[in-house]
Amino acid sequence: MPLISLEELGMSDFKTSFLDKLANKAASSRKRIVLPESDDERILKAAADILQKGVADLVLLGDQDTVQARASALGLDLSAAEIVSLDDAEKLARYTAKLVELRAHKGMDEAKAKETLKDISFFGTMMIACGDADGMVSGAAHTTAHTIRPALQVIKTQPGVKLVSGAFLMVFDDHCDVYSDCAVTISPDAEQLADIAVVSAQTAAQFGLEPKVAMLSYSTIDSGSGPLVDLVRDATAKAQAAAPEVAIDGPLQFDAAVVESVAAQKAPQSPVAGHANTFIFPDLNAGNITYKAVQRTSGALAVGPILQGLNAPVNDLSRGATVDDIINTIIITAIQAQG
155 MPLISLEELG MSDFKTSFLD KLANKAASSR KRIVLPESDD ERILKAAADI LQKGVADLVL
215 LGDQDTVQAR ASALGLDLSA AEIVSLDDAE KLARYTAKLV ELRAHKGMDE AKAKETLKDI
275 SFFGTMMIAC GDADGMVSGA AHTTAHTIRP ALQVIKTQPG VKLVSGAFLM VFDDHCDVYS
335 DCAVTISPDA EQLADIAVVS AQTAAQFGLE PKVAMLSYST IDSGSGPLVD LVRDATAKAQ
395 AAAPEVAIDG PLQFDAAVVE SVAAQKAPQS PVAGHANTFI FPDLNAGNIT YKAVQRTSGA
455 LAVGPILQGL NAPVNDLSRG ATVDDIINTI IITAIQAQG
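If you're matching positions, the sequence shown starts at 155 in the working numbering and goes up one per residue.
(1) Please report the Cβ distance between P459 and A358, rounded to the nearest whole angstrom; I am assuming they are in contact, meaning their Cβ atoms lie under 8 Å.
(2) Specify whether the stretch 376-386 and the stretch 440-453 touch according to this definition: at least 3 beta carbon pairs, one from each stretch, less than 8 Å apart.
(3) Which residue marks the beginning of the beta strand (DSSP E) containing Q423, and which one marks its end?
(4) Output needed for L271: all residues of its chain with C-beta closer than 8 Å, excluding positions within five of it in sequence on either side, in chain order.
(5) Between the beta-carbon of A410 and the beta-carbon of G428, is there less than 9 Å?
(6) Alpha carbons only, please: which of T170, T220, K185 is nearest the one belonging to D194?
(7) Who are the Cβ neighbours of Q490 in its own chain at under 6 Å, not counting the five residues just before and after it?
(8) How about S371 and P436: do their beta carbons lie closer than 9 Å?
(9) In terms of DSSP beta bridges, what is Q462 paired with?
(10) When DSSP labels each residue in this structure, what does N482 get in the three-state scheme?
(11) Can you name the start and end residues of the alpha helix (DSSP H) that F277 belongs to?
(12) Residue range of the alpha helix (DSSP H) that L246 falls in?
(13) Here's the rule I'm using: 16 or more other beta-carbon atoms within 10 Å means buried, otherwise exposed. How should Q423 be labelled?
(14) Which term fits E244, buried or exposed, when burial requires 16 or more other beta carbons within 10 angstroms of its beta carbon?
(15) Near V413, what residues of its chain come up, given a Cβ to Cβ distance below 7 Å and the 5 sequence neighbours on each side ignored?
(16) Kindly indicate which three-state DSSP category P156 falls into: helix, strand or coil?
(17) If we count the other Cβ atoms within 10 Å of its Cβ and call it buried at 16 or more, is R473 buried or exposed?
(18) Return the chain-ordered list of same chain residues with a C-beta closer than 6 Å to the C-beta of K169, the five sequence neighbours on each side being excluded.
(19) State the CB to CB distance for the pair I237 and Q218, rounded to an integer number of angstroms; the pair is presumed to be in contact (CB under 8 Å).
(20) Beta carbon of T374, beta carbon of K310: below 9 Å?
(21) Could you tell me which whole alpha helix (DSSP H) segments of length 4 or greater appear in the stretch 210-239?
(22) Could you have a look at N469 and say whether DSSP puts it in helix, strand or coil?
(23) Please state if the CB of G216 and the CB of A475 are separated by a distance shorter than 9 Å.
(24) Rounded to whole angstroms, what's the CA-CA distance from D174 to E264? Just pull it up for me.
(25) Does the Cβ of R387 have 16 or more other Cβ atoms within 10 Å, making it buried, or fewer, making it exposed?
(26) Measure from the alpha carbon of F433 to the alpha carbon of each residue in A227, D167, Q356, A488, then state which is nearest.
(27) On a CA-only basis, which of L230, T297, F322, D328 is nearest V353? Give me that one, please.
(28) In the DSSP assignment, find the unbroken alpha helix (DSSP H) run with K266 in it and report its ends.
(29) Which of the three DSSP states is assigned to A389 in this structure?
(30) Quick check on the DSSP output: the alpha helix (DSSP H) that includes V448 runs from which residue to which?
(31) With DSSP run on the structure shown, which of helix, strand or coil describes A368?
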């Protein structure tokens with residue numbers, strides 16, 4: 155699920171300003187992001203751009219001579235990046251010991267740990283676990299599962315968060331919204347949907363929005379009944395109880411969530427209806443279809459997926475990602491790492 159390339163759309167002043175604000179926010183407290191796929195030309199080009207702008211500090215995994223030779227051939231300056239070999243004896247010893255400590259209950263021993271750390275995603279994840287990096291961006295040449303599985307096993311979810319979900323920042327010509335979950339959880343139950351709502355509100359706040367969370371359904375408030383509506387109604391109550399300081403309401407139809415005149419008719423007492431900026435879809439079908447439909451028909455810039463709920467940020471790229479996609483994802487990851 156790639157970000158749309160900036161070359162594919164006419165950038166409005168708002169979009170340009172929004173992306174500039176994200177870059178400035180990342181640069182204000184630079185974090186250390188590891189990029190495991192240094193053999194990918196797109197990764198090297200994105201890394202050079204990030205370093206030139208001073209947005210984040212970067213670690214590239216790979217052989218130093220090979221990476222530097224490739225960068226030189228491409229005319230890239232990667233001198234500010236740290237290049238770390240998977241054979242680095244000091245790091246390998248620390249990461250092996252830490253992985254055994256974290257996974258001993260699953261039968262991990264020293265031999266298995268050393269073998270596991272030959273995998274670039276595991277090595278990059280252990281850099282985070284051992285404090286040598288603040289976040290990771292991978293997936294340009296590997297599957298989503300390959301990127302995320304080590305994070306789920308080692309970094310795990312934040313206290314009180316039960317699952318990882320995927321949000322998109324939808325950047326329009328005059329505003330930005332959060333759509334979630336559009337990437338991970340296929341058919342959430344009420345507790346999971348509530349969890350997604352709460353962490354999505356945190357994501358909205360992290361990227362400069364005052365979250366107004368709409369729990370979406372084909373029915374608004376109490377106008378409908380049945381298991382699908384009941385699911386959203388139950389999830390809304392659980393989310394409100396978990397985060398009473400956040401404006402969360404539902405069930406809401408999309409028009410009631412965003413159009414003031416419709417909200418006045420259908421949900422006049424709602425603190426969210428007509429003003430929502432964070433949209434929680436009832437399942438992955440609805441979320442993924444909607445974000446792609448909006449992206450492709452409205453010209454919105456879809457930034458993501460942003461993985462939510464982990465103790466430290468690990469974000470996945472599409473294998474079709476452009477250089478701009480990778481740059482955006484590194485910036486997003488650096489902001490997440492700021493907390």
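Ideal Cβ placement from N, Cα and C applies to all residues, glycine included.
The short version:
(1) That pair is no contact at about 15 Å.
(2) no
(3) Element bounds for Q423: n/a, residue is neither H nor E.
(4) L240, L246, Y249, T250, L253, F277, M280
(5) yes
(6) T220
(7) P467
(8) yes
(9) S319
(10) helix
(11) 274-283
(12) 243-257
(13) exposed
(14) exposed
(15) G428
(16) Only weak support exists for where P156 lies, its pLDDT of 35 falling under 50; the coordinates are left without a value.
(17) exposed
(18) V325, L455
(19) 4 Å
(20) no
(21) 218-228
(22) strand
(23) no
(24) 45 Å
(25) buried
(26) Q356
(27) F322
(28) 264-270
(29) helix
(30) 438-452
(31) strand
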